[in-house]
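Student:
Chains as they are written, first to last, in this note's numbering: chain A, 1 to 259; chain B, 1001 to 1266.
Structure, rendered in structure tokens:
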């Protein structure tokens, strides 16, 4: 398979600079540990916010770190799409007889993000051990689907960012508000923010569908109907479909930079 | 000699002023971030109030933090990291300038320009926001003057601390990783991750005397009246002492790094 070859190539390049790869991976984990420490300190002062304690928030952070780093690792090509356009590499891709999305995904695989993913999974496990959850088969399915929903949502945001850079060539930094905003809002129960923010991060960008809503189902708290919480990740996954459609439509308007 | 450092400062200052579009998108981001944080901490403070840190003081602290983000966030001076990694730094060895002072002035110019481009607009908008989101005026004129002094000291401290990232780049040859380490530590202990007044008192008793909180936490707290005038003056003195100590240590470290630099030719 072609993707395996891409993957091997990226592993080989990052192994060329072994120390650098490892060092960057560790420092990125350090940033997240700093954030976890911040939340821990905050909860040692306040104990709870809207019924959510430290471990509930830790579970949300764990999910966010995991899905974010997964998307950053494997869908980085969309995030850095402007680089492909600028360098002229994208023009070359267009004349190859391989699906364009396949090539973009293969253009960049950032293995340093795996360290952050490991931290995310570790946090999820720590949180789950410390939370009293009445496990059922359905709950496990909901948890797994919320991970998938998170990955598709973040990838969808990267695709939108790539779509905009078809026209602007430069990376449009405004999009960062949504990608990073999605990340930051997801650390805490989404209903603590203003109504309009909650709406944006539920209906427009389905952030709530991969942490707050499925978590309400797992912990059996909150006032959203349980069946809706349970299927929310499945609804959230749909978000990526219009993203891909819009990208494909805008691609028809693509003009090469001439590089 | 001093003239050339002033020249470096001016050049970097003017250079940074060119990036107006970047500043505008930065303002948008900072603004959104400010709203996000205020809503978050309002939720926390509504559940459990904290002594001497009301919701209006918190909102003001957050807006100041967003307005002066460029100055309180530790970054590597532009190009310095590249130059160390790609070896161009060796050209600097033949110039009759002290490299530490050179980089210090470069970074100072960049930081001051980046801050001046961003802070007025954020503060003006924040002053006219409704309800809990509003930023308030300083408690009195003396506090405002001390705040300005504190911010000037803070910019210098921020630059002095970023020189440790430069040193680490020499050791690791990874500018991104080095900057991240220093920025993370300084962010957590300097009140960027969560405002220091929201931390438990026992922890604050230690953090209050570490250099990182003097970058921005001290002037902001003087502004909102969380720290009184006399206490503020004492703390400013400690901040200046830290600045001197950090510059001396930084100079020694950079000197030792330069001594051990091996130029591979090419």
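Every residue, glycine too, gets a C-beta built ideally from N, C-alpha and C.
Identify whether residue 174/A lies in helix, strand or coil by the three-state DSSP scheme.
Tutor: Three-state DSSP puts residue 174/A in coil, outside helix and strand.
Student: Answer with yes or no whether the minimum CB distance from residue 1217/B to chain A is below 8 Å.
Tutor: Answer no: the Cβ-Cβ gap between residue 1217/B and chain A never drops below 8 Å.
Student: Pull the bridge partners of residue 52/A from the DSSP assignment, please.
Tutor: For residue 52/A, which the question treats as bridged, DSSP gives the partners 49/A.
Student: Residue 1047/B CB to nearest chain A CB: under 8 Å?
Tutor: Yes, because at least one Cβ of chain A sits closer than 8 Å to the Cβ of residue 1047/B.
Student: Taking residue 262/A as the query, report the chain B residues whose CB atoms sit under 9 Å from its CB, ordered along the chain.
Tutor: Residue 262/A cannot be examined here, being either before or after the span of chain A that is shown, 1 to 259.
Student: Compute the beta-carbon to beta-carbon distance between residue 1242/B and residue 1166/B, rounded to the nearest angstrom, for a pair I have assumed lies under 8 Å.
Tutor: No, residue 1242/B and residue 1166/B are not in contact; Cβ-Cβ is about 18 Å, not under 8 Å.
Student: If we ignore side chains and look at the alpha-carbon of each, how far apart do residue 1024/B and residue 1070/B end up?
Tutor: Looking at the two C-alpha atoms, the distance is approximately 13 Å.
Student: Please indicate yes or no: does the CB of residue 110/A lie closer than 7 Å to some heavy atom of the ligand SAH?
Tutor: Among the components modelled here there is no ligand, and therefore nothing to report on the ligand SAH.
Student: Give the single residue among 125/A, 200/A, 228/A and 205/A whose Cα lies nearest to the Cα of residue 213/A.
Tutor: Measuring from the Cα of residue 213/A, the nearest candidate turns out to be 228/A.
Student: Going by DSSP, which residues form a beta bridge with residue 1050/B?
Tutor: Bridge partners of residue 1050/B: 1053/B.
Student: Would DSSP call residue 109/A helix, strand or coil?
Tutor: Residue 109/A falls in the coil class under three-state DSSP.
Student: Which residues, in order along the segment 173-187 of chain A, keep a beta-carbon less than 7 Å from a beta-carbon of chain B?
Tutor: From the segment 173-187 of chain A, only 173, 174, 176, 177, 181, 184 and 185 have a Cβ closer than 7 Å to chain B.
Student: Just by C-beta distance, which residues in the segment 1187-1212 of chain B are closer than 7 Å to chain A?
Tutor: Those would be 1187, 1188, 1193, 1194, 1198, 1199, 1200 and 1203, in chain order.
Student: Are the Cβ atoms of residue 1238/B and residue 1142/B separated by less than 8 Å?
Tutor: Result no, Cβ atoms of residue 1238/B and residue 1142/B do not sit closer than 8 Å.
Student: Should the segment 129-141 of chain A be regarded as contacting the segment 216-235 of chain A, the criterion being three or more beta carbon pairs within less than 8 Å?
Tutor: Contact between the segment 129-141 of chain A and the segment 216-235 of chain A is present, because at least three Cβ pairs lie under 8 Å.
Student: Considering only the alpha carbon of each residue, which of 128/A, 230/A and 78/A lies closest to residue 243/A?
Tutor: Of the candidates 128/A, 230/A and 78/A, the one whose C-alpha sits nearest the C-alpha of residue 243/A is 78/A.
Student: Near residue 234/A, what residues of its chain come up, given a Cβ to Cβ distance below 7 Å and the 5 sequence neighbours on each side ignored?
Tutor: Same-chain partners within the cutoff: 145.
Student: Should residue 95/A be labelled buried (16 or more other beta-carbon atoms within 10 Å of its own) or exposed?
Tutor: By the neighbour-count rule (16 or more Cβ atoms within 10 Å), residue 95/A is not buried but exposed.
Student: Between the segment 1147-1158 of chain B and the segment 1204-1219 of chain B, do three or more beta carbon pairs fall short of 8 Å?
Tutor: Judged by Cβ distances under 8 Å, the segment 1147-1158 of chain B makes contact with the segment 1204-1219 of chain B, as three or more pairs qualify.
Student: Is the beta carbon of residue 175/A less than 8 Å from the beta carbon of residue 160/A?
Tutor: Taking 8 Å as the Cβ cut-off, residue 175/A and residue 160/A qualify as a contacting pair.
Student: Go to residue 230/A, then tell me how far its alpha helix (DSSP H) extends in each direction, as first and last residue.
Tutor: That run of the alpha helix (DSSP H) goes 226-237.
Student: Using the Cβ count rule (16 or more neighbours within 10 Å means buried), how would you classify residue 263/A?
Tutor: The requested residue 263/A does not occur in the structure, where chain A is confined to residues 1 to 259.
Student: How long is the line joining the alpha carbons of residue 1211/B and residue 108/A, rounded to whole angstroms?
Tutor: Approximately 39 Å, taken between the alpha carbons.
Student: Expressed to the nearest angstrom, what Euclidean distance is found between the alpha-carbon atoms of residue 1004/B and residue 1078/B?
Tutor: Each residue's alpha carbon lies about 19 Å from the other.
Student: Measure from the C-beta of residue 1180/B to each C-beta in chain A and report whether the shortest distance is under 8 Å.
Tutor: So yes, residue 1180/B belongs to the interface.
Student: Mind checking whether residue 1190/B and residue 1215/B have CB atoms under 8 Å apart?
Tutor: In contact: residue 1190/B and residue 1215/B (Cβ atoms closer than 8 Å).
Student: Counting only beta-carbon separations shorter than 8 Å, does residue 1158/B have a partner in chain A?
Tutor: Not one chain A Cβ lies under 8 Å of residue 1158/B.
Student: Can you tell me the Cα-Cα spacing of residue 106/A and residue 6/A, whole angstroms?
Tutor: Near 6 Å, if we compare the C-alpha coordinates of residue 6/A and residue 106/A.
Student: Take residue 100/A and list the residues in its own chain whose beta-carbon comes closer than 8 Å to its own, dropping the five residues that flank it on each side.
Tutor: Closer than 8 Å at Cβ, skipping near neighbours: 93, 94 and 251.
Student: Let me confirm a value: residue 1106/B is counted as buried when at least 16 other C-beta atoms fall within 10 Å, else exposed. Which label applies?
Tutor: With 16 or more Cβ atoms within 10 Å of its Cβ, residue 1106/B is classed as buried.
Student: Relative to chain A, which residues along the segment 1161-1174 of chain B have a C-beta separation below 8 Å, given in chain order?
Tutor: Going along the segment 1161-1174 of chain B in chain order, one finds 1172, 1173 and 1174 with a Cβ nearer than 8 Å to chain A.
Student: For residue 149/A and residue 231/A, which I take to be in contact (beta-carbon distance under 8 Å), what is that distance rounded to the nearest angstrom?
Tutor: Not really, about 11 Å apart at Cβ, beyond 8 Å.
Student: DSSP state of residue 1066/B, grouped into three classes?
Tutor: If DSSP states are grouped into helix, strand and coil, residue 1066/B belongs with the helices.
Student: Restricting to Cα atoms, I'd like to know which of 103/A, 147/A, 241/A and 15/A is closest to residue 81/A.
Tutor: Here the closest residue by C-alpha is 103/A.
Student: How many whole angstroms separate the CB atoms of residue 1016/B and residue 1154/B, which I take to be in contact at a CB cut-off of 8 Å?
Tutor: About 18 Å; that fails the 8 Å criterion.
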